[in-house]
Amino acid sequence: MALSKKPPTLATPASRRQLLQAGAAGLAVLAAPAIVRAQGAPKIRIGYWPIAAGLPFYSAVELGYFKAAGLDVEVQRYAGAQQIMEAMLADRCDGSANGTGSANIAIGEIAAPGSFKIFCSNPSNVKNVLDQVLVPTASSAKVMADLKGKRVASGPGIQNVTLAKAVLERGGATGATVVELPIGQHVAALAAGQVDGCYTLEPTGTIGRLNGSTRVLEAGVIAKYVLGDPMAPWFGGSASLTSALIKKNPEAAKKFITAYGQGVAFVRSKPAEARQYLKGYTAIEGPLTGEVPLAAYTMYNEFTQGDIAYFQKFFDLFADKGIFSSRLMVDSMLYKG
């Protein structure tokens with residue numbers, strides 16, 4: 022093929038400036054990819070309740086797993102799990118961190134079927150402690166039945182109240198009055214004699230034990246009294262994403278879940294190192310970080326049929342109590358990948 026002998030067209034000063042400016046802009050993009058990518062990264066808004074079970078999320082944020090995946094994760098703190106669910110339904114939030122009540126998420130699912138997908142849950146029991154009933158250190162109570170007719174606090178929201186009532190009833194504490202109280206106030210309320218006991222979640226028990234004001238009456242109470250086996254996995258809290266986000270940006274959702282899974286792996290493999298990330302997200306600081314028990318975690322692709330059966334038994338309690346307007350099948354809510 023013969024080469025053209027036509028001389029090249031010379032760029033005018035104006036066009037040369039345009040080319041140079043375009044080239045400089047291109048070089049600037051290459052020179053500062055982190056800034057550019059951060060500006061264009063998909064934003065995913067995640068709500069959390071400040072309890073120990075959210076540790077994989079806290080770790081993933083602090084270790085930069087989401088940023089490394091090219092995601093812009095907005096951390097939203099809420100006073101209760103119900104508020105997180107409501108924010109997800111109202112499109113103010115795209116997902117929940119572990120520790121968000123699974124039954125709260127389920128209530129949102131019943132209200133708007135197909136809205137939520139659980140991709141990680143935090144099972145607890147008498148070994149992996151999250152739930153417990155506390156009493157003041159000087160209390161004469163030795164067993165659950167000793168709280169008959171007493172005032173017992175629970176965390177806010179329908180999941181906490183329903184479970185507190187079920188545990189007290191099945192533990193023989195008939196006639197007890199359940200009082201909703203923010204979880205951060207449980208220790209102070211017990212110490213001040215405002216309540217005689219409380220159904221609560223970690224780190225409350227550890228805080229009360231270390232400051233000498235409370236003691237654990239019984240731990241792993243949901244596994245024992247609701248599921249019928251102290252070692253059964255109670256999937257009380259879950260990390261989830263809205264189906265709207267998954268449909269709108271499936272690749273971002275997959276990247277988020279993968280990065281979240283890195284947080285789970287980090288907590289599993291380096292629990293002592295991970296504990297530092299409780300600070301700032303929960304009331305746990307200083308010596309507390311080394312004392313609070315850590316929950317276990319089950320990713321969506323790790324659930325066994327036995328796990329799902331126990332999860333279903335938990336949900337069925339709420340259907341039996343009339344909290345759920347209909348029976349909800351857990352399997353339909355699990356993220357499939």
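Residues 22 to 358 (our numbering) are what the sequence shown spells out, left to right. Glycine included, C-beta positions come from ideal geometry on N, C-alpha and C.
Taking 7 Å as the limit between beta carbons, can you name the residues of its chain near residue i, skipping five residues before and five after?
i: Lys64; result: Asp93, Glu95
i: Gly129; result: Met106, Met109, Leu110, Ser136, Phe137
i: Asp250; result: Ala244
i: Gly311; result: Arg296
i: Lys334; result: Leu248
i: Asp352; result: Ile329
i: Ala74; result: Asn119, Gly120, Asn143, Leu151, Gly258, Ala316
i: Ser264; result: Gly135, Ser136, Phe137, Lys138
i: Glu223; result: Ile72, Ala73, Val150, Leu151, Val313, Pro314
i: Val285; result: Pro77, Cys141, Tyr318, Met320
i: Arg38; result: Because Arg38 carries a pLDDT of 39, less than 50, the predicted location of this residue cannot be relied on, and the following value inherits that uncertainty. Result list for Arg38: empty, nothing under 7 Å.
i: Ile344; result: Ile179, Thr183
Can you name, in chain order, every residue of its own chain whose Cβ lies under 8 Å from the Cβ of residue i, other than the five neighbours on each side?
i: Arg210; result: For clarity, residue 210 is Ala in the given sequence; the question names Arg instead. Result list for Ala210: Ala174, Leu202, Val216, Cys219, in chain order.
i: Phe277; result: Ile65, Phe87, Ala90, Leu92, Val94, Gly116, Leu262
i: Gly68; result: Gln97, Arg98, Tyr99, Gln104, Ile105, Ala108, Met109, Cys114, Gly116, Ser117, Ala118, Thr121
Is it the case that the Cβ atoms of residue i and residue j are separated by a distance below 9 Å?
i: Glu239; j: Gly192; result: yes
i: Ile179; j: Ala304; result: no
i: Leu151; j: Ala316; result: yes
i: Ile72; j: Gly120; result: yes
i: Val208; j: Leu168; result: no
i: Phe339; j: Ala124; result: yes
i: Phe78; j: Tyr321; result: no
i: Trp255; j: Leu266; result: no
i: Gly176; j: Thr235; result: no
i: Leu299; j: Leu84; result: no
i: Ile204; j: Thr225; result: yes
i: Ala213; j: Arg172; result: no
i: Val199; j: Ala185; result: yes
i: Ser290; j: Ile131; result: no
i: Ala81; j: Tyr356; result: no
i: Gly233; j: Thr279; result: no
i: Ala260; j: Tyr331; result: no
Which one or two residues does DSSP pair with residue i in a beta bridge?
i: Arg66; result: Glu95
i: Val182; result: Answer is none; Val182 lacks a bridge partner.
i: Tyr220; result: Val154, Ser175
i: Phe137; result: Thr263
i: Leu355; result: Ile139
i: Val200; result: Ala174
i: Glu306; result: DSSP output for Glu306 lists no bridge partner at all.
i: Met320; result: Cys141
i: Ala240; result: Gln153
i: Lys300; result: Thr303
i: Thr121; result: None, per the DSSP bridge assignment.
i: Thr235; result: Pro157
In its own chain, which residues sit with a C-beta less than 6 Å from the C-beta of residue i, not counting the 5 before and 5 after it?
i: Asn149; result: Ala316, Ala317
i: Phe324; result: none
i: Asn181; result: Ser175
i: Gly101; result: Pro177, Gly178
i: Ser160; result: none
i: Gln153; result: Gly226, Val237, Ala240
Could you round the C-beta distance between residue i and residue j to whole angstroms and report it? I think they count as a contact, below 8 Å.
i: Ala127; j: Phe336; result: 6 Å
Any heavy atom of the ligand NAD closer than 8 Å to the beta-carbon of residue i?
i: Gly307; result: By its list of ligands, the structure shown contains no ligand whatsoever, and the ligand NAD lies outside what it can speak to.
contact_flag[the segment 137-147, the segment 237-252] where n(CB pairs < 8 Å) is 3 or more: yes
Given 8 Å, three or more beta-carbon pairs between the segment 181-198 and the segment 266-284: no
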